[in-house]
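Beneath this line is the structure, given in structure tokens, with notes to follow.
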Amino acid sequence: MRRVTILGATGSIGQNTIDLIRRDPAAYDVVALTGGGNIAQLAADARALGADLAVTAYDDRLDDLRAALAGSGVEAAAGPQAILEAAARPADWVMSAIIGAAGLAPGLTALERGTTLALANKESLVCAGELVLGTAATHGARILPVDSEHSAVFQALVGEEIAAVERVVITASGGAFRDWPLERLRTATVQEASTHPNWDMGQRITIDSASMFNKAMEVLETREFFGVRPEQIEVLVHPESMVHALVGFVDGALMAHVGAPDMRHAIGYALNWPARRALPVDRLDLARVGQLSFSAPDEARYPALRLAREVMAMGGLAGAVFTAAKERSLDGFIAGRIGFLDMAAVVETVLNRFAGAPGMAQMSMTLDNVLGTDHLAREWADDAMTERAG
Ligand code: NAD
Ligand code: MG
22 MRRVTILGAT GSIGQNTIDL IRRDPAAYDV VALTGGGNIA QLAADARALG
72 ADLAVTAYDD RLDDLRAALA GSGVEAAAGP QAILEAAARP ADWVMSAIIG
122 AAGLAPGLTA LERGTTLALA NKESLVCAGE LVLGTAATHG ARILPVDSEH
172 SAVFQALVGE EIAAVERVVI TASGGAFRDW PLERLRTATV QEASTHPNWD
222 MGQRITIDSA SMFNKAMEVL ETREFFGVRP EQIEVLVHPE SMVHALVGFV
272 DGALMAHVGA PDMRHAIGYA LNWPARRALP VDRLDLARVG QLSFSAPDEA
322 RYPALRLARE VMAMGGLAGA VFTAAKERSL DGFIAGRIGF LDMAAVVETV
372 LNRFAGAPGM AQMSMTLDNV LGTDHLAREW ADDAMTERAG
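Shown next as structure tokens:
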């Protein structure tokens, strides 16, 4: 029996993970589930899976969670500290599926225990790659990628030497606005940005797909996870979302990972690793699919991709600045404070301010420095949004 914990259990990735676990309950001993404000879901899953512990991120929801778990024998707890305690409980496998920078500290806590971390929370690697990878190395913990592109690259690398890799190509669907005229993007609404043509995901990552901030994050994640150089990473627009990534080798071979767009593949691969087990995902009938198409991304349409290159050139805490500014400008877009295209402009303003701030480029990557930089970059994003609005 594998002891598993799911951080961010009530979200899109968390629910897909639970779906897989519920199909084979005898194989798993569920230690802890954490969530946010969806107490009913959290409690129902904790009961159904027989978890030892359920934690809500919100202190003021503890009574609700206790009430929802009454008589179940599941322990209830609340608040950020309790999430860290959940991450620290002995387990064999921890899913890191909290969204945003809030996922960093719990993931580090699991790694410090030497636990295998299935990493959906790409923000951790983007804002603190060196710290996350260093912590894993120090404690002999393994990190398995859950982002579909990175899972695909990871799978293409089985049995290969990273030195034989020439390039890594991650694909992008192009998001909701792929076929919109550039001018119309200015007036794109939250509603319009929240529907993805191929993937069924949480709202924030869906909007990040439309702006390609998600792909920009994934470029940075690729750099950190696989240790490849910036110029080895390519983004390819592929509207069908069936080829998730390709790895090009020095002998000219290109290994593509092809499959239906369903996150349960990447989650299940990490859950069963190093074995492969049957997963409930659609099998592709390529004769019926007939054609797959590819094109180069238009950087005028997707400025986020250019910004990712700038972040890689800056190094250090630039990733933390990028993640925080992106999250804050996304909040601003969702709240109607700024327009769709303003998100990239805000992030760029914040990155420039970081580049010009004395001493910041030399700051070392500690958890405190990452969180402090995250906080500061959010304030700078607020300043930039106020300026744009006024
Ligand atoms: P989501 O918004 O659906 O769920 C997020 C989860 O985190 C929820 O359980 C929520 O309660 C919890 N949470 C939110 N804020 C929190 C906080 N401050 N403290 C503690 N818990 C908090 O998000 P998602 O789409 O499942 O994405 C989760 C992560 O996986 C993200 O990092 C995302 O980029 C990544 N990812 C998602 C997908 C996808 O298909 N959804 C694909 C690839 C990668
Ligand atoms: Mg992805």
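This note's numbering applies: residue 22 is where the sequence shown begins, and numbers increase by one. By construction, the Cβ of each residue, glycine as well, lies at the ideal position given by its N, Cα and C atoms. As the structure is a prediction and not an experimental result, all values here were calculated from the model.
The Cβ neighbour count for Thr-344, taken over all protein chains shown within 10 Å, is at least 16; the residue is labelled buried. CA-to-CA, the gap between Ala-378 and Met-335 works out to about 13 angstroms. Inclusion of Met-364 and Ser-385 in the CB contact set at 8 angstroms is not warranted, their separation being larger than that value. About 6 angstroms separates the CB atoms of Leu-74 and Ala-107; that is less than 8 angstroms, so the two are in contact. Secondary structure note for Gly-393: its alpha helix (DSSP H) is the uninterrupted segment 388-410. Ranking Ile-164, Cys-148, Ala-123 and Lys-143 by CA distance to the CA of Arg-134 puts Ile-164 first.
With contacts defined by Cβ atoms closer than 8 angstroms, Ala-67 and Leu-90 form a contacting pair.
In this structure, Val-190 lies near Gly-269, with their beta-carbon atoms less than 8 angstroms apart. By the neighbour-count criterion, in which 16 or more other beta carbons inside 10 Å mark a residue as buried, Asp-395 falls on the buried side.
Contact check for Val-115 against Thr-136 passes: the beta carbons are separated by less than 8 angstroms. Between the alpha carbons of Val-186 and Arg-225 lies a gap of roughly 32 angstroms. Taking every protein chain shown into account, the CB of Gln-383 has fewer than 16 other CB atoms within 10 angstroms, so this residue is exposed. The Cβ atoms of Ala-177 and Ala-291 do not sit closer than 8 angstroms to each other.
Judged by the Cβ position, Met-116 fails to qualify as a neighbour of the ligand NAD at the 7 angstroms threshold, every heavy atom of the ligand being at least this far. The beta carbon of Asp-40 sits closer than 7 angstroms to the beta carbons of Arg-285 from its chain, once the five residues preceding and following it are set aside; these are given in chain order. One Cα belongs to Gly-161, the other to Phe-234, and the distance between them is close to 32 angstroms. About 5 angstroms separates the beta carbon of Val-258 from that of Ala-193, a gap short enough to meet the 8 angstroms contact definition. For Asp-66, the distance from the CB to the nearest heavy atom of the ligand NAD is not below 7 angstroms. Val-147 is classed as buried because its beta carbon has at least 16 other beta carbons within 10 Å across all chains shown. When rounded, the separation of the alpha-carbon atoms in Thr-55 and Val-153 is 21 angstroms. Beta-bridge analysis with DSSP links Ile-359 to no other residue. For the ligand MG, a non-hydrogen atom lies closer than 7 angstroms to the CB of Glu-239.
Under DSSP, His-278 takes part in a beta bridge, and its partners are Ala-266. Remark: the shortest separation between the CB of Ser-169 and any heavy atom of the ligand MG falls under 7 angstroms. Going by beta carbons, Leu-241 and Ala-329 fall inside the 8 angstroms limit. Short of 7 angstroms from the beta carbon of Leu-300, and not among the five residues preceding or following it, lie these beta carbons of its own chain, in chain order: Arg-285, His-286 and Gly-289. Between Ala-405 and Leu-372, the gap from beta carbon to beta carbon reaches 8 angstroms or more. Shown here for Gly-35: same chain residues with a beta carbon closer than 6 angstroms to its own, the five before and five after excluded, namely Ile-27, Gly-29 and Ala-118 in chain order. The alpha-carbon of Ala-317 is positioned some 12 angstroms away from that of Leu-326. In this structure, the C-beta of Ala-123 approaches the ligand NAD to less than 7 angstroms from one of its heavy atoms. About 6 angstroms separates the Cβ atoms of Ser-262 and Trp-220, confirming a contact at the 8 angstroms cut-off. Under the three-state reduction of DSSP output, Arg-330 falls in the helix class. Residue state for Val-179 is assigned as coil, using DSSP reduced to three classes.
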